[in-house]
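The next block holds one structure in the form of structure tokens; read it before the comments.
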Amino acid sequence: MATVVFVGEMVRAVRHRDEPRILARLVGSFEGYVSGLLVNGAGLGVLGTMEIENDLPVVLMVLLTGWCLSNIGVSAVVFVVVAQSRIRRPEAWAELDFVERHAPKYGRPPETIEEYRALQLQE
1167 MATVVFVGEM VRAVRHRDEP RILARLVGSF EGYVSGLLVN GAGLGVLGTM EIENDLPVVL
1227 MVLLTGWCLS NIGVSAVVFV VVAQSRIRRP EAWAELDFVE RHAPKYGRPP ETIEEYRALQ
1287 LQE
């Protein structure tokens, strides 16, 4: 499903690969893209097994294989772009992680020093 839903996010990630704030706000989580790689890789393994057993028609096998490969492609591109950004700009990502962890949620006022700092960094 990543191909249909997340191809726009893949293009956005590539376009803004040097901007951690935009990459942090992509639809879907980094873990979601990693799981997309793993699940579709497993799907290719299942399709390979089914091909050996000759359980599926050739047309359906080609369609499902193409679908899995396109999902893997989208997930892999986003994974690589975000991973490279995290390696190249660790300070910016540390700041974003701090804000995400400590910013007050649901409109409540800040109560700790970390929450005040997170609000300042958000702006």
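Yeah, the sequence shown ends on 1289 if you go by our numbering, and it's all consecutive.
Even glycine gets a Cβ: it sits at the ideal position worked out from N, Cα and C.
Limits of the unbroken alpha helix (DSSP H) element including residue i
i	result
Y1282	1279 to 1288
G1194	No alpha helix (DSSP H) holds G1194; DSSP gives it neither H nor E.
D1263	1256 to 1268
Spatial neighbours of residue i in its chain, beta-carbon cut-off 7 Å, leaving aside the 5 residues before and after
i	result
A1260	none
V1246	none
A1242	L1203
Cβ shell of residue i (< 8 Å), same chain only, five flanking positions each side left out
i	result
R1187	A1258, L1262
M1216	L1222, M1227
E1281	H1268, A1269, P1270
R1183	L1189, V1247, Q1250, S1251
Per-residue burial, residue i [other beta carbons within 10 Å of its own, 16 or more giving buried]
i	result
Y1199	buried
A1284	buried
V1240	buried
S1251	buried
L1287	exposed
Residues of its chain near residue i, where Cβ-Cβ distance is below 6 Å and the 5 sequence neighbours each way are ignored
i	result
T1231	L1213
Integer-rounded CB distance, given that residue j should sit under 8 Å from residue i
i	j	result
V1248	L1203	The Cβ separation is near 12 Å, so there is no contact.
G1194	F1172	6 Å
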